[in-house]
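If you count by our numbering, then the sequence shown holds residues 3 to 227, one letter each, in order. The C-beta atom is built at its ideal place from N, Cα and C for all residues, glycine as well. To keep things clear, I will list the structure first and then write my remarks on it.
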Amino acid sequence: MLKAVLFDMDGVIVNTEPLHRKAYHLMFDDVNIDVSETLYASFTGQSTRAICEILVDHFKLPLGPHTLVELKRDHFKYLFENDDALDLLPGVLDLIKDYHNNGLTLVLASSASMDNINNIFERFNLDSYFVAKLSGADLKASKPHPEIFEKAALASGHERHECMVIEDSTNGIKAAIDAGIFCVGYDSLHSQDQDYKHADLVVSHFKDLAYHSISEHFNPVLADK
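Shown next as structure tokens:
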């Protein structure tokens, strides 16, 4: 029986990817590196810290990852405070309310920093719907490692087979599946170059995940796993 839903944030609740992309590329310019689209796409779902560690190693930079993290976060903070176009993804607030009203436990499990998570939740008044928020930046391992979803399931107070993850990235889907949790791949118009083949279910619209629809679909699929 479905009892908890573990939400990713970027690309699922809010589309901050354009802001992150601008912030990352401003940081790339700051340290004079040329990051290919293929390399950039591979970062989706990973924490800023993990990405900056990859960049330092890949480009043999004399700077430490922490310096890159701070540069990127400074750029993102400015963009976040000055870009009025940022909004929740269509239909996600209705879905959150639907799950909450039907008694499901909601947990946020994002690779974003806790500062960014708190800023998003405050801006869109989401705290009342979620029992816990986890940041991958605070953990030892980043997605695709399953740690964040293992801890999110624990924070929900329910067993993993009673949880469902909603993810939009290849790395996030792998993390959920490796944690042994049913995973929905959200393939939206904002998703680019991501692989959903390992997700248990793939949807393009949140209406397909309405409580009564997913609760009927959930248990039979689990029984076959």
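When DSSP builds the beta bridges, which residues end up paired with residue i?
i, result
"D12", "V16"
"G187", "E169, V204"
"L90", "V16"
"A178", "Bridge partners of A178: none, in fact."
"A212", "In DSSP, A212 forms no bridge with anything."
Closer than 8 Å, CB to CB, is residue i near chain D or not?
i, result
"F9", "No chain D is present in this structure, which holds just one protein chain."
Have a look at residue i and residue j and give me their C-alpha separation to the nearest angstrom.
i, j, result
"D100", "A43", "32 Å"
"E161", "T69", "39 Å"
"D202", "P64", "42 Å"
"M11", "A139", "13 Å"
"Y198", "D85", "30 Å"
"K176", "K145", "8 Å"
"L95", "L108", "13 Å"
"S137", "N103", "25 Å"
"I15", "L90", "6 Å"
"P92", "L106", "21 Å"
"L4", "E164", "5 Å"
"S88", "N127", "Sequence inspection shows Leu at residue 88; the Ser mentioned does not correspond to that position. Rounded to the nearest angstrom, the two C-alpha atoms are 14 Å apart."
"L8", "S112", "9 Å"
"H22", "L97", "25 Å"
"A178", "E19", "21 Å"
"E218", "V37", "44 Å"
"N34", "C54", "14 Å"
"G13", "Q196", "11 Å"
"D210", "H147", "28 Å"
Exposed or buried, what is residue i when buried is set at 16 or more other beta-carbons lying within 10 Å of its beta-carbon?
i, result
"K135", "buried"
"K153", "buried"
"R51", "buried"
"M166", "buried"
"A143", "exposed"
"S115", "buried"
"G159", "exposed"
For this session: Run through the stretch 105-174 for me and flag every whole beta strand (DSSP E) of 3 or more residues, listed as ranges in chain order.
Result: Here the runs fully enclosed are 107-112, 134-137, 165-169.
For this session: Would you check if there are 3 or more beta carbon pairs closer than 8 Å linking the stretch 68-80 to the stretch 21-33?
Result: Touching, yes, given that three or more Cβ pairs across the two stretches are closer than 8 Å.
Problem set entry | Meets three-Cβ-pair contact criterion under 8 Å: the stretch 209-216 and the stretch 177-185 | No: the two stretches stay apart, fewer than three of their Cβ pairs being nearer than 8 Å.
For this session: Mind listing, in chain order, the continuous alpha helix (DSSP H) runs of no fewer than 4 residues lying wholly within the stretch 17-74?
Result: Taking only runs of at least 4 residues, the alpha helix (DSSP H) segments lying wholly in the stretch 17-74 are 19-32, 39-43, 50-61.
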